[in-house]
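A.B. asks: I'd like to ask some things about the structure below.
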Amino acid sequence: MRERNSSAWLLPPRPGTNHGLRRDMRRFDEQDEVDIAIVGCGAGGSTLLQRLARAGWTAVAFDAGPFWDPDRDWVSDEAGSHHLYWTEPRVIDGSDPVPLGSNNSGRGVGGSMVHFAGYTPRFHPSDFHTLTGDGVGADWPLEYSDLKSFYEDIEEELPVAGQDWPWGDPHSYTYSPHPVSGNGEVFLRGALARGITAKVGPVAIANGRFGNRPHCIYRGFCLQGCKVNAKASPLITHIPDALAHGAEVRADSMVTRIGFDEHTGRATGVHYVRGGVEHFQRARMVAVAGYSIETPRLLLNSANARFPEGMCNDFDQVGRYLMVQGAPQTAGRFAEEVRMYKAPPPEVSTEQFYETDPSKPYKRGFSIQTVSPLPITWAEHVASQGHWGEDLRRYMSDYTHWSCLGALCEFLPRAENRVTLADEKDRHGLPVAKFSYSQCENDRMLLDAAQSVMEEILTGAGAEETMTVKRYAHLVGGARMASDEKDGVVDSTGRSFAIPNLYITDGSILPTQGSANPALTIMALAARTASILINGEGH
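Structure representation (structure tokens):
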């Protein structure tokens, strides 16, 4: 693994940042035509950057947010961590509008993985052909087997710890599972009582020291940025290695438009704003990795004479089929203390309900994980149930007695769920994204089924009371891959149908979302694209 990616050994021997590596990184001149300009330093952009830098490509990655320093910028405090989220203006509507921010977007180098929960399951083989297999969703233009080796590589590089995994394509992890917390014990006890199989992991936190990254200290603040660098994020897993191999990360740089030559039909680089000044970086190739809201927005804002309705939007596909996972959370109160926060939030899981069950009225399914809302989030959950004043204080005083589970429900892709441009403009004068979202009946049935199973698990473990809050998580889609340009924006390699040197390497290209957290799949797809480019296509 160290031969493929030495990031963990490039960190300081104590928790912190390799400031020398950042200070001395290669810096390209804007007049240099670099091999590739990458928009976004999250899961997809950072993986692509690291792979191409190792192959000798001249590569510069842009991020609208800062180059985070965990020592300086991250705190063990919910309210003090909001700067990790993308809080620029956006417009939401539809019959079931999706709140945007803390649980589905990120800001700064590392992207949303800086504050993701650390859970990294694979997609199942069935996820790649839901239309053929289940009559819903869409078929991918590639198979699980095309991603399997890249899943394995990324699992080693993060690395991922967990028990042997029996679902989907059964597989093992190099690192053994973490000790089980009180919340995990509740899940395991309740699952056993209800005849449900549950396993520990997989989490992108090494069970033990990894390079210069320390062991997890189970402080419970994974969603606020792991201050000790035990939890994986591109900021510490792939960016250091990219810098060591000659890549540049240009932080605090908002890309506003993709350059385009109408005579050649090719991308020419990226326009961006840094410190209030407009710049243009020339590049032989462009990769967009801004995630499911900002990637479609950038393409739409890059309209020109050749693409009057938005770049790569000849068939009105840009921004369509944007999906969120239904993510209800059900909590149970126990007589004994649980202290659910004392562990990584997702620790124990089941994928027993992941696949379509012919006996049910809905298609596809859901997974269930432990989750551990901290006090502010927990207060929001309780208040949403109508508890206020003295009643709210009573529930909050019992915080340590509650256990909480969360489901991920596979909501289906729908063309009308999409990103367009709003009339409102941001501080750079650019139209902001408008995200319209409405559930279908299958989505609603999945939410109810997941809640029912979580209640069964908690009552099976001895819960005296349960409560559920219905919510969303994990954006994917908006620039999906397809076999034909009339059905999507990119092909199976991530290359746009319309512009031969423009790639997209983030979660926006996923045609379906499964019931799995998407980070590992996004990284695996980016690694696959990098492998294709390195081996000759487009270079």
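The sequence shown begins at 7 in my numbering and counts up one residue at a time. The beta carbon of each residue, even a glycine, is placed where N, CA and C say it ideally should be.
Measuring straight from C-alpha to C-alpha, what distance separates glutamate 491 and alanine 421?
C.D. replies: Counted from its first residue, the sequence shown places residue 491 at position 485. Counted from its first residue, the sequence shown places residue 421 at position 415. Taking the straight line from one Cα to the other gives about 15 Å.
A.B. asks: DSSP puts valine 166 in a beta bridge; with which residues?
C.D. replies: As a working mapping, residue 166 is identified with position 160 in the sequence shown. None, per the DSSP bridge assignment.
A.B. asks: So the beta strand (DSSP E) serine 409 belongs to, where does it begin and stop?
C.D. replies: Along the sequence shown, read from residue 1 onward, the residue named residue 409 stands at position 403. That run of the beta strand (DSSP E) goes 408 to 415.
A.B. asks: Alanine 341: buried (16+ other C-beta within 10 angstroms of its C-beta) or exposed?
C.D. replies: Here the question's residue 341 lines up with position 335 in the sequence shown. The residue is exposed, with fewer than 16 neighbouring Cβ atoms inside 10 Å.
A.B. asks: Along the chain, where does the alpha helix (DSSP H) that runs through methionine 460 open and close?
C.D. replies: As a working mapping, residue 460 is identified with position 454 in the sequence shown. Methionine 460 -> alpha helix (DSSP H) spans 447 to 466.
A.B. asks: Just curious, the alpha helix (DSSP H) that methionine 402 is in, first and last residue?
C.D. replies: Numbered from 1 along the sequence shown, position 396 holds the residue referred to as residue 402. Methionine 402 -> alpha helix (DSSP H) spans 395 to 403.
A.B. asks: Pick out the complete alpha helix (DSSP H) segments inside the stretch 252 to 308, 4 residues or longer, and give them in chain order.
C.D. replies: The stretch 252 to 308 contains these whole alpha helix (DSSP H) runs: 297 to 307.
A.B. asks: Would you give the residue range spanned by the beta strand (DSSP E) that phenylalanine 332 belongs to?
C.D. replies: Taking the sequence shown and counting its residues from 1, one reaches residue 332 at position 326. The displayed chain sequence assigns glycine, not phenylalanine, to residue 332. Counting along the chain, the beta strand (DSSP E) containing glycine 332 begins and ends at 329 to 332.
A.B. asks: Quick one: measure Cβ to Cβ for aspartate 475 and proline 334, integer angstroms, because I've assumed they're closer than 8 Å.
C.D. replies: Start at 1 with the first residue of the sequence shown, and residue 475 comes out as number 469. Start at 1 with the first residue of the sequence shown, and residue 334 comes out as number 328. Correcting the residue type first, residue 475 is valine in the shown sequence and not aspartate. The Cβ separation is near 7 Å, so the contact holds.
A.B. asks: Among Arg326, Gly282 and Ala14, which residue has its Cα nearest to the Cα of arginine 215?
C.D. replies: Your numbering for residue 215 matches position 209 in the sequence shown. Nearest C-alpha to arginine 215: Ala14.
A.B. asks: Might you give, ordered along the chain, the residues of its own chain that have their beta carbon closer than 6 Å to the beta carbon of phenylalanine 129, omitting 5 neighbours on each side?
C.D. replies: Here residue 129 is taken as the residue at index 123 of the sequence shown, counted from 1. For phenylalanine 129, where only same-chain residues beyond five positions count, the Cβ hits under 6 Å are Gly520, Ala522 and Thr527.
A.B. asks: Provide the residue span of the alpha helix (DSSP H) that contains leucine 27, from first to last.
C.D. replies: Looking up residue 27 in the sequence shown gives position 21. It spans 25 to 29 - the alpha helix (DSSP H) in which leucine 27 sits, taken as one unbroken run.
A.B. asks: So the candidates are Trp171, Gly62 and Ile245; which of them puts its Cα closest to the Cα of threonine 23?
C.D. replies: For the purposes of this step, residue 23 is taken as the residue at position 17 of the sequence shown. Considering only alpha carbons, the answer is Ile245.
A.B. asks: Checking 9 Å against the spacing of the C-beta atoms, do leucine 464 and glycine 196 come in under that value?
C.D. replies: One-based indexing of the sequence shown puts residue 464 at position 458. One-based indexing of the sequence shown puts residue 196 at position 190. Cβ distance < 9 Å, so leucine 464 and glycine 196 count as in contact.
A.B. asks: Please work out which residues of its chain come closer than 8 Å, Cβ to Cβ, to histidine 277, disregarding the five sequence neighbours upstream and downstream, and give them in chain order.
C.D. replies: Residue mapping note: residue 277 aligns to position 271 of the sequence shown, counting from 1. Contacts found: Val261, Thr262, Arg263, Ile264, Gly265, Glu284, His285 and Phe286.
A.B. asks: Can you list, in chain order, the residues of its chain whose CB lies under 6 Å from that of alanine 257, leaving out five sequence neighbours each side?
C.D. replies: Locating residue 257 in the sequence shown gives position 251, where the first residue counts as 1. Counting only Cβ-Cβ distances below 6 Å, and skipping sequence neighbours, we find Asp69, Pro72, Phe73 and Val115.
A.B. asks: Label glycine 107 either buried or exposed according to how many other C-beta atoms from any shown protein chain fall within 10 Å of its C-beta, with 16 as the threshold for buried.
C.D. replies: Here the question's residue 107 lines up with position 101 in the sequence shown. Exposed.
A.B. asks: Buried or exposed for histidine 407, please, with buried defined as at least 16 other CB atoms from any protein chain shown within 10 angstroms of its CB.
C.D. replies: Translated into the one-based positions of the sequence shown, residue 407 becomes position 401. The residue is buried, with at least 16 neighbouring Cβ atoms inside 10 Å.
A.B. asks: Using 10 angstroms around the beta-carbon of glutamate 315, count the other beta-carbons present and answer buried if the total reaches 16, otherwise exposed.
C.D. replies: Here residue 315 is taken as the residue at index 309 of the sequence shown, counted from 1. Glutamate 315 should be labelled exposed.
A.B. asks: For glycine 544 and glycine 483, I'd like the C-alpha separation in whole angstroms.
C.D. replies: Indexing the sequence shown from 1 puts residue 544 at position 538. Indexing the sequence shown from 1 puts residue 483 at position 477. Note on glycine 544: pLDDT 46, under 50, position unreliable in the model; the coordinate value appears next. Taking the straight line from one Cα to the other gives about 24 Å.
A.B. asks: Determine the contact status of leucine 54 and serine 298, defining contact as a CB-CB distance below 9 Å.
C.D. replies: Mapped onto the sequence shown, residue 54 falls at position 48. Mapped onto the sequence shown, residue 298 falls at position 292. Result no, Cβ atoms of leucine 54 and serine 298 do not sit closer than 9 Å.
A.B. asks: Report yes if the C-beta distance between glycine 207 and proline 185 is below 9 Å; otherwise report no.
C.D. replies: As a first step, residue 207 must be located in the sequence shown, where it is residue number 201. As a first step, residue 185 must be located in the sequence shown, where it is residue number 179. Contact flag unset, no.
A.B. asks: Can you name, in chain order, every residue of its own chain whose Cβ lies under 6 Å from the Cβ of glycine 168, other than the five neighbours on each side?
C.D. replies: What you label residue 168 is simply residue 162 of the sequence shown in a count that begins at 1. Closer than 6 Å at the Cβ level, and outside the excluded window around glycine 168, lie Tyr179, Pro183, Gly207 and Pro208.
A.B. asks: Take aspartate 30 as the anchor and find which of Asp170, Ala59, Val166 and Glu254 has the nearest alpha-carbon.
C.D. replies: Taking the sequence shown and counting its residues from 1, the one referred to as residue 30 is at position 24. The residue with the shortest Cα to Cα distance from aspartate 30 is Glu254.
A.B. asks: I'd like to confirm the pairing. Which residues does DSSP put opposite glycine 338 in its beta bridges?
C.D. replies: Here the question's residue 338 lines up with position 332 in the sequence shown. Answer by DSSP bridge pairing, in chain order: Ser409 and Thr472.
A.B. asks: Indicate whether serine 498 and aspartate 77 have their beta-carbon atoms separated by less than 9 Å.
C.D. replies: To locate residue 498, count along the sequence shown from 1; it is residue 492. To locate residue 77, count along the sequence shown from 1; it is residue 71. No, Cβ-Cβ distance for serine 498 and aspartate 77 is not below 9 Å.
A.B. asks: For glutamate 353, is the classification buried or exposed, using 16 other Cβ atoms within 10 angstroms of its Cβ as the cut-off for buried?
C.D. replies: Sequence index remark: in the sequence shown, residue 353 carries index 347 (1-based). So glutamate 353 ends up on the buried side.
A.B. asks: Below 9 Å between beta carbons: does that hold for tyrosine 327 and proline 105?
C.D. replies: By one-based count along the sequence shown, residue 327 stands at place 321. By one-based count along the sequence shown, residue 105 stands at place 99. Cβ atoms of tyrosine 327 and proline 105: not closer than 9 Å.
A.B. asks: Alanine 479 bridges to which residues according to DSSP?
C.D. replies: As a working mapping, residue 479 is identified with position 473 in the sequence shown. Looking at the DSSP assignment, alanine 479 forms a beta bridge with Gln331.
A.B. asks: Mind the definition here: the stretch 134 to 154 touches the stretch 360 to 374 only if three or more C-beta pairs lie below 8 Å; say whether that holds.
C.D. replies: Contact between the stretch 134 to 154 and the stretch 360 to 374 is present, because at least three Cβ pairs lie under 8 Å.
A.B. asks: Is it buried or exposed, methionine 118, if we count other Cβ atoms within 10 angstroms and call 16 or more buried?
C.D. replies: Position 112 of the sequence shown holds residue 118. The question names methionine, yet the displayed sequence has serine at residue 118. Buried is the call here.
A.B. asks: When DSSP labels each residue in this structure, what does methionine 487 get in the three-state scheme?
C.D. replies: Counting from 1 along the sequence shown, the entry for residue 487 is found at position 481. Three-state result, methionine 487: strand.
A.B. asks: Please report the straight-line C-alpha distance between serine 308 and methionine 317, rounded to a whole angstrom.
C.D. replies: Working through the sequence shown from its first residue, we reach residue 308 at position 302. Working through the sequence shown from its first residue, we reach residue 317 at position 311. Answer to the nearest angstrom: the Cα atoms are 6 Å apart.
A.B. asks: Using only the alpha-carbon positions, how far apart do proline 19 and arginine 219 sit?
C.D. replies: Here the question's residue 19 lines up with position 13 in the sequence shown. Here the question's residue 219 lines up with position 213 in the sequence shown. If I take the Cα positions, the gap works out to 8 Å.
A.B. asks: Verify whether the separation of the beta carbon atoms of alanine 485 and glutamine 331 is less than 9 Å.
C.D. replies: For this step, residue 485 is matched to residue 479 along the sequence shown. For this step, residue 331 is matched to residue 325 along the sequence shown. No, Cβ-Cβ distance for alanine 485 and glutamine 331 is not below 9 Å.
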